[in-house]
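J.: Input: one structure, supplied below.
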Amino acid sequence: MSTTSSTWPRQLRLPGQVAAPDGPIDMKMMYLMHHAFRRDLDLFVAAVRATPADERETWALLADRWDTFAEALHEHHTVEDAGVWPALVSLGTAQDVATLEAMESEHGEIDPLLEGCAAGLRRLAEHTDEDARAALAVRVTAARESLRRHLAHEETDAIAIIQRLLSAEDWAAIEEEHANPKGTPLAKVARLVPWVAYGVPRSALDRVFDEPGGRGFKVIWWCTRGRFARQHARTFRYAA
Ligand SMILES: [Fe+2]
Numbered sequence: 520m521s522t523t524s525s526t527w528p529r530q531l532r533l534p535g536q537v538a539a540p541d542g543p544i545d546m547k548m549m550y551l552m553h554h555a556f557r558r559d560l561d562l563f564v565a566a567v568r569a570t571p572a573d574e575r576e577t578w579a580l581l582a583d584r585w586d587t588f589a590e591a592l593h594e595h596h597t598v599e600d601a602g603v604w605p606a607l608v609s610l611g612t613a614q615d616v617a618t619l620e621a622m623e624s625e626h627g628e629i630d631p632l633l634e635g636c637a638a639g640l641r642r643l644a645e646h647t648d649e650d651a652r653a654a655l656a657v658r659v660t661a662a663r664e665s666l667r668r669h670l671a672h673e674e675t676d677a678i679a680i681i682q683r684l685l686s687a688e689d690w691a692a693i694e695e696e697h698a699n700p701k702g703t704p705l706a707k708v709a710r711l712v713p714w715v716a717y718g719v720p721r722s723a724l725d726r727v728f729d730e731p732g733g734r735g736f737k738v739i740w741w742c743t744r745g746r747f748a749r750q751h752a753r754t755f756r757y758a759a
């Protein structure tokens, strides 16, 4: 169904977000994920600089939290690479295709940086190693800069292409086929919902809760947010 600009949704804007191109698709789930990625990398940079090298319990918590972050980011990139960019390539101009190819190659640059960070955190969870902490501080800062640049590029240029070339129905079909939200195990949903929602303004969360199906999201958030907040405070206890 084609829409006109008068019926387009109001796009969500969250802290750190660089752009929110207008169009027929409500991109709030994309922006919620981007917010969580930026928030976590800022926290990891602060924690790696400030957590003493011999605080193994805290490093173990940081390694666990990294696994949640990296799993969510990997799945987000996989959906984009397998479902979103290919859907646009045949519809776009040569300039659009160059942007979409850049998206995929930026994903390819970020993944090895993330693996290096995971290895550094695991090392510190098991050994007091000041050199490993110093090396990890460099790596996690590089990962943050790389992801920040990529998300800014995506929000500014790639999402503008999505909004220009796809309908809301096209987008829903891509999500259904590649993200498979209904097939996600409950334990994973219970892990990811409080993680995504943490630090998001309540007005933005209410937009998600008010949607069809949003009530289940709200119930899970209510049930999991307290435990998540306590774990979060322990994990980032040294991060200012
Ligand atoms: Fe994205």
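All residue numbers for the sequence shown refer to the working numbering, where the first residue is 520 and numbers rise by one. In this text, a Cβ means the ideal position worked out from N, Cα and C, and glycines have one as well.
What do you reckon, is the C-beta of Met-549 under 6 Å from a heavy atom of ligand 1?
T.: Yes; taking the cut-off as 6 Å, the Cβ of Met-549 has a heavy atom of ligand 1 nearer than that.
J.: Compute every distance between the C-beta of Glu-694 and the non-hydrogen atoms of ligand 1, then say whether any falls below 6 Å.
T.: Answer for Glu-694: no, Cβ out of range of ligand 1.
J.: For Gly-542, count the other beta carbons within 10 Å of its own beta carbon; 16 or more makes it buried, fewer makes it exposed. Which is it?
T.: Buried, because 16 or more other Cβ atoms sit within 10 Å of the Cβ of Gly-542.
J.: Within a Cβ cutoff of 6 Å, which residues of the same chain sit near Ala-698, ignoring the five residues on either side of it in sequence?
T.: Once the five neighbours on either side are set aside, the close Cβ partners of Ala-698 are Val-598.
J.: Rounded to the nearest angstrom, how far is the Cβ of Ala-716 from that of Trp-740, given a contact under 8 Å?
T.: Yes, they are in contact, since the Cβ atoms of Ala-716 and Trp-740 sit about 5 Å apart, within 8 Å.
J.: Please classify Thr-523: is it buried, with 16 or more other beta-carbons within 10 angstroms of its beta-carbon, or exposed?
T.: Exposed, since its Cβ has fewer than 16 Cβ neighbours within 10 Å.
J.: If you measure from the CB of Glu-673, is any heavy atom of ligand 1 nearer than 6 Å?
T.: Correct: Glu-673 has its Cβ closer than 6 Å to ligand 1.
J.: Nearest-angstrom Cα distance between Glu-645 and Gln-750?
T.: The alpha-carbon atoms of Glu-645 and Gln-750 are separated by roughly 20 Å.
J.: How should Val-738 be labelled, buried or exposed, when 16 other C-beta atoms within 10 angstroms of its C-beta is the threshold for buried?
T.: It is exposed - the Cβ of Val-738 has fewer than 16 other Cβ atoms within 10 Å.
J.: How would you call Glu-673, buried or exposed, if buried means at least 16 neighbouring beta carbons within 10 angstroms?
T.: Buried, by the Cβ-count rule.
J.: Would you be able to state if there are at least three C-beta pairs under 8 Å between the region 681–693 and the region 583–596?
T.: The answer is no - the region 681–693 does not touch the region 583–596, with fewer than three Cβ pairs under 8 Å.
J.: Going by C-alpha to C-alpha distance, which of His-596, Pro-605, Ala-601 sits closest to Asp-489?
T.: No answer is possible for residue 489: it lies beyond the span of the chain, which begins at 520 and ends at 759.
J.: Hey, would you say Val-603 sits closer than 7 Å to Cys-636, going by beta carbons?
T.: Against a cut-off of 7 Å, the Cβ pair of Cys-636 and Val-603 comes out as no contact.
J.: Which class does Asp-600 belong to by DSSP, given the choice of helix, strand or coil?
T.: Correct three-state label for Asp-600: helix.
J.: Touch check for the region 613–630 and the region 654–671: three-plus C-beta pairs under 8 Å?
T.: The region 613–630 is in contact with the region 654–671.
J.: Under three-state DSSP, which class holds Trp-740?
T.: Three-state DSSP puts Trp-740 in a helix.
J.: Looking only at its chain, what residues have a beta carbon closer than 7 Å to the beta carbon of Val-719, apart from the 5 residues adjacent to it on each side?
T.: The residues are Leu-533, Leu-551, His-554.
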